Ligand SMILES: [Zn+2]
């Protein structure tokens, strides 16, 4: 499938049998029209580089830098032509944290036959901001979590182009994660958990996992059959999802999936971060240059493929026991 030469040879063989090359040409073109729905590495690089750029000033919640980041994510959602969430009049879900305004950025791809069943893809777009002084004073947060936010945007484009989602897909960039998870708390409090079939929270996927390339881990793997479904959909590929190897760190309860998981939703975080030895975690050195963007693109592809049976309604993960 991935080799044009093989495909051409196959078509030649078939044409000997069918003796009708014009029909085969249309089949060939049809194949490529389908195959154009891809996770594009150049796009991944463009979005990641923009989110982690110095002008975003580390995307601290309430800062002018995060305002730029929000505007950028909104413009990407608009370009993809996604719908607004719930009764919102734009992509911003605004709320107050101790008297200061903050906002999540949310977009929706309505489900074709099961619009009231939701699948959520999320990441946090805030980070730590800036130091007061120094040569490099900007916490770019390229991995944490510009990488996850990039994936959410790339997946939005992918599923819009694919145009096969029976369930409604909600794409969320949360704010306020680094200062206490305020964005996901507000979002989750307003969400009916019974409507949410699954939540893919994407957090730090820009580096190789402890197992190397083409792998990632899922927090709370054993709590539902979400991970087993994803693995099943990857049979025949060279990608593997694993159980969270850092159970002592309680990652399942530490990220933006936790609120909905506590209400029974199969809401899991997918990550590659080596939490015991990740050199750049919450450091000024968390820069795009430290990421493996080829591998990150492969991880986003794997998420796209592995989520397909949940998106199209043929699989429904079991719930987290309350
Ligand atoms: Zn993070």
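Numbering (our numbering), first residue to last: 239 to 560.
No residue lacks a Cβ here, since even glycine has one placed at the ideal position from N, Cα and C.
Please read all numbers here as calculations on a predicted model, not as lab measurements.
message = Among the candidates 539, 537, 536, 516, whose CA atom is the shortest distance from the CA of residue 528?
response = Along the chain shown, read from residue 1 onward, the residue named residue 528 stands at position 290. Looking at the Cα atoms, 516 is the closest of the given residues.
query = Rounded to a whole number of angstroms, what is the C-alpha to C-alpha distance between residue 514 and residue 392?
reply = As a first step, residue 514 is located in the chain shown; it is residue number 276 there, counting from the start. As a first step, residue 392 is located in the chain shown; it is residue number 154 there, counting from the start. Looking at the two C-alpha atoms, the distance is approximately 28 Å.
Residue 441 CB to nearest heavy atom of ligand 1 below 6 Å = Here residue 441 refers to the residue found at position 203 of the chain shown. Indeed, a heavy atom of ligand 1 lies less than 6 Å from the Cβ.
Helix, strand or coil at residue 359 according to DSSP, with G and I counted as helix = Counting from 1 along the chain shown, the entry for residue 359 is found at position 121. In the three-state scheme derived from DSSP, where H, G and I count as helix and E and B as strand, residue 359 is classed as strand.
inquiry  = For ligand 1, is there any heavy atom lying closer than 6 Å to the beta carbon of residue 482?
reply    = Stepping through the chain shown from its first residue, residue 482 is reached at position 244. No, the Cβ of residue 482 stays beyond 6 Å of every heavy atom of ligand 1.
inquiry  = Could you pull the DSSP bridge partners for residue 450 from this structure?
reply    = Here residue 450 corresponds to residue number 212 of the chain shown, with the count starting at 1. Answer is 447, bridged to residue 450.
key: Supposed close pair residue 390, residue 409 - CB separation, criterion 8 Å   = Working through the chain shown from its first residue, we reach residue 390 at position 152. Working through the chain shown from its first residue, we reach residue 409 at position 171. Right, their Cβ atoms sit about 5 Å apart.
inquiry  = List, from N- to C-terminal side, the alpha helix (DSSP H) runs of 4 residues or more that fit wholly inside the stretch 272–297.
reply    = 279–289
message = Can you tell me where the alpha helix (DSSP H) holding residue 532 begins and where it ends?
response = Sequence index remark: in the chain shown, residue 532 carries index 294 (1-based). Here the alpha helix (DSSP H) through residue 532 covers 531–544.
request  = Return yes when the C-beta of residue 383 is under 6 Å from any heavy atom of ligand 1, and no when it is not.
outcome  = The residue given as residue 383 occupies position 145 in the chain shown. Yes - ligand 1 has a heavy atom lying nearer than 6 Å to the Cβ of residue 383.
task = Quick one: residues in its chain with C-beta nearer than 7 Å to the C-beta of residue 348, no 5 flanking neighbours on either side, listed in chain order?
result = Indexing the chain shown from 1 puts residue 348 at position 110. Only 321, 406 meet the Cβ criterion.
key: Proximity below 7 Å, CB of residue 452 to CB of residue 547   = The count along the chain shown starts at 1 and reaches residue 452 at position 214. The count along the chain shown starts at 1 and reaches residue 547 at position 309. Against a cut-off of 7 Å, the Cβ pair of residue 547 and residue 452 comes out as no contact.
key: Local Cβ density within 10 Å of residue 535, reported as buried at 16 or more and exposed below that   = Here the question's residue 535 lines up with position 297 in the chain shown. Buried, since its Cβ has 16 or more Cβ neighbours within 10 Å.
task = Would you mind giving the Cβ-Cβ distance between residue 395 and residue 318, rounded to the nearest angstrom? I have them listed as a contact below 8 Å.
result = The residue labelled residue 395 in the question sits at position 157 within the chain shown. The residue labelled residue 318 in the question sits at position 80 within the chain shown. Confirmed, about 5 Å.
ask   = Smallest Cα separation from residue 466: which of 487, 481, 474?
value = Taking the first residue of the chain shown as position 1, residue 466 is located at position 228. Here the closest residue by C-alpha is 481.
message = What does the alpha-carbon distance come out to for the pair residue 522 and residue 551?
response = The residue given as residue 522 occupies position 284 in the chain shown. The residue given as residue 551 occupies position 313 in the chain shown. Cα to Cα, residue 522 sits roughly 42 Å from residue 551.
inquiry  = Tell me which residues share the same chain as residue 557 and place their Cβ nearer than 8 Å to its Cβ, disregarding the 5 neighbours each side in the sequence.
reply    = Within the chain shown, the letter at position 319 stands for residue 557. 462, 502, 503, 504.
task = Please determine, among 300, 297, 301, 328, the residue with the shortest C-alpha to C-alpha distance to residue 312.
result = As a first step, residue 312 must be located in the chain shown, where it is residue number 74. The residue with the shortest Cα to Cα distance from residue 312 is 328.
message = Once the 5 residues before and after residue 544 are set aside, which same chain residues still bring their CB inside 6 Å of it?
response = Along the chain shown, read from residue 1 onward, the residue named residue 544 stands at position 306. Around residue 544: 468, 471, 472.
message = Among 305, 314, 303, whose alpha-carbon lies nearest the alpha-carbon of residue 281?
response = For the purposes of this step, residue 281 is taken as residue 43 along the chain shown, with counting starting at 1. Ranking 305, 314, 303 by Cα distance to residue 281 puts 314 first.
8 Å Cβ shell around residue 279 - same chain, five flanking residues per side excluded = Mapped onto the chain shown, residue 279 falls at position 41. 531, 532, 535, listed in sequence order.
task = Using the Cα positions of residue 300 and residue 474, report the straight-line distance between them to the nearest angstrom.
result = By one-based count along the chain shown, residue 300 stands at place 62. By one-based count along the chain shown, residue 474 stands at place 236. Whole-angstrom Cα-Cα distance: 45 Å.
request  = Take the Cβ of residue 380 as the centre, count every other Cβ of all protein chains shown within 10 Å, and call the residue buried at 16 or more, exposed below.
outcome  = In the chain shown, the residue the question calls residue 380 occupies position 142. Per the 10 Å Cβ criterion, buried.
ask   = According to the neighbour-count rule (16 or more other Cβ atoms, all chains shown, within 10 Å of its Cβ), is residue 316 buried or exposed?
value = Translated into the one-based positions of the chain shown, residue 316 becomes position 78. Under this definition residue 316 is an exposed residue.
query = To the nearest whole angstrom, what separates the beta carbons of residue 340 and residue 413, a pair I think is in contact under 8 Å?
reply = The count along the chain shown starts at 1 and reaches residue 340 at position 102. The count along the chain shown starts at 1 and reaches residue 413 at position 175. Between residue 413 and residue 340 the Cβ distance is about 5 Å, and since that is below 8 Å, they are a contact.
key: Beta-carbon spacing of residue 359, residue 438 below 7 Å   = For the purposes of this step, residue 359 is identified with residue 121 of the chain shown, where counting begins at 1. For the purposes of this step, residue 438 is identified with residue 200 of the chain shown, where counting begins at 1. A contact, by the Cβ cut-off of 7 Å.
message = Check for me: the beta strand (DSSP E) holding residue 338 runs from which residue to which?
response = The count along the chain shown starts at 1 and reaches residue 338 at position 100. Element bounds for residue 338: 338–347.
inquiry  = For residue 559, which residues in the same chain have their Cβ closer than 8 Å to its Cβ, ignoring the five residues on either side in sequence?
reply    = Counting from one through the chain shown, the residue named residue 559 turns up at place 321. Hits under 8 Å: 461, 502.
task = Mark residue 383 as exposed unless 16 or more other C-beta atoms lie within 10 angstroms of its C-beta, in which case mark it buried.
result = Indexing the chain shown from 1 puts residue 383 at position 145. Classification for residue 383: buried.
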